[in-house]
Ligand code: 13P
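In the working numbering, the protein residues as written are 8 to 295.
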């Protein structure tokens, strides 16, 4: 059964570790992440962007697939199904479809509008027992071939949004989605420290988990991050393994073209990445 991310993140914050949000793209991704979480006894959050939701055939298809796998694979560790960077409309669609958690990303809106819409969604999700992630200070990435350095959130704005009673808060601390540029300045621990001082027990979320050096991730967890999002790194691992298989000509041997064989190395690549991240975040064994 899907659960809200609230309790698992409060436990993580109190225990000084983080739960991984791993974004899913298809059946192979979902199965790989769930199997690793169960094997390693780790709570887990499955992230679904609006684009990935559309790709997989819509939110109800995603809910059906995830619930089916939890049931058929006897997954007993806590699993949250979470909308990643959702618009206001997408939040309602996912709530209706059966997601157990949503992120409303109003970071690009004027602050007052972000505040008003987040307030409304706090009430709705609380009534339904779902978790809600809000965002302050947008988390950049590549735009028109230019990779930004990543914005830093205003700690007082973070406090205002946290005080609404959201379950977890994403705040820009110089992090970006996708690969980091060579000249990236690193995470701003000064900003994180100031946000943590203002928001107390609120589980903080670190987006753009791909490519942040391990020591910086650990330091961020020590300073109050309780959820780390990873997407690109699983995609890179999947692509590299499938490339190796094809370049070795294995798809041309026997029934090597069968998708169950062709995609198996990619799936193993995702599993290895997820295990590595769970070890780094400290979530292994926390669902026992
Ligand atoms: P990466 O793709 O950089 O790992 O970021 C994932 C993320 O933050 C999803 O919200």
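Positions of the beta carbon are idealized from the N, C-alpha and C atoms, including for glycine. Note that the structure is a prediction, hence the values are computed from the model and not measured.
Asked                                                                                                                                                                   : Found
I need the DSSP call for residue 119, collapsed to helix, strand or coil.                                                                                               : helix
Measure how close the beta-carbons of residue 123 and residue 107 come, nearest whole angstrom, since I'm counting them as under 8 Å.                                   : With 8 Å as the limit, residue 123 and residue 107 do not qualify as a contact, their Cβ atoms being about 24 Å apart.
Between the alpha carbons of residue 190 and residue 290, how many angstroms are there, rounded?                                                                        : 31 Å
If residue 236 and residue 28 are in contact, beta carbons under 8 Å, what's the gap, nearest whole angstrom?                                                           : 4 Å
So, for residue 233: in the same chain, excluding its five sequence neighbours on each side, which residues have a beta-carbon less than 6 Å away from its beta-carbon? : 16, 19, 20, 25, 210
On the three-state DSSP scale, how would you describe residue 80?                                                                                                       : coil
Give the DSSP-derived three-state secondary structure of residue 140 in the structure shown.                                                                            : strand
Are residue 194 and residue 126 touching if we call contact CB-CB under 9 Å?                                                                                            : no
Report the start-end ranges of each alpha helix (DSSP H) in the stretch 21 to 104 that is 4 residues or longer and not cut off at the edges.                            : 34 to 46, 57 to 62, 66 to 79, 95 to 104
Alpha carbon to alpha carbon, what distance is there between residue 51 and residue 41?                                                                                 : 8 Å
For residue 32, verify whether its CB is less than 8 Å away from any heavy atom of ligand 1.                                                                            : no
Is it right to say residue 66 is buried, meaning 16 or more other beta carbons lie within 10 angstroms of its own, or is it exposed?                                    : buried
If you compare alpha carbons, which of 10, 178, 100, 31 is closest to residue 278?                                                                                      : 31
From which residue to which residue does the beta strand (DSSP E) around residue 186 run?                                                                               : Counting along the chain, residue 186 falls outside any beta strand (DSSP E), and DSSP gives it neither H nor E.
Where does residue 293 sit, in a helix, a strand or coil, going by DSSP?                                                                                                : coil
Using a threshold of 9 Å, state whether the C-beta atoms of residue 212 and residue 178 are closer than that.                                                           : yes
Sort out for me which residues DSSP pairs residue 180 with in a bridge.                                                                                                 : 159
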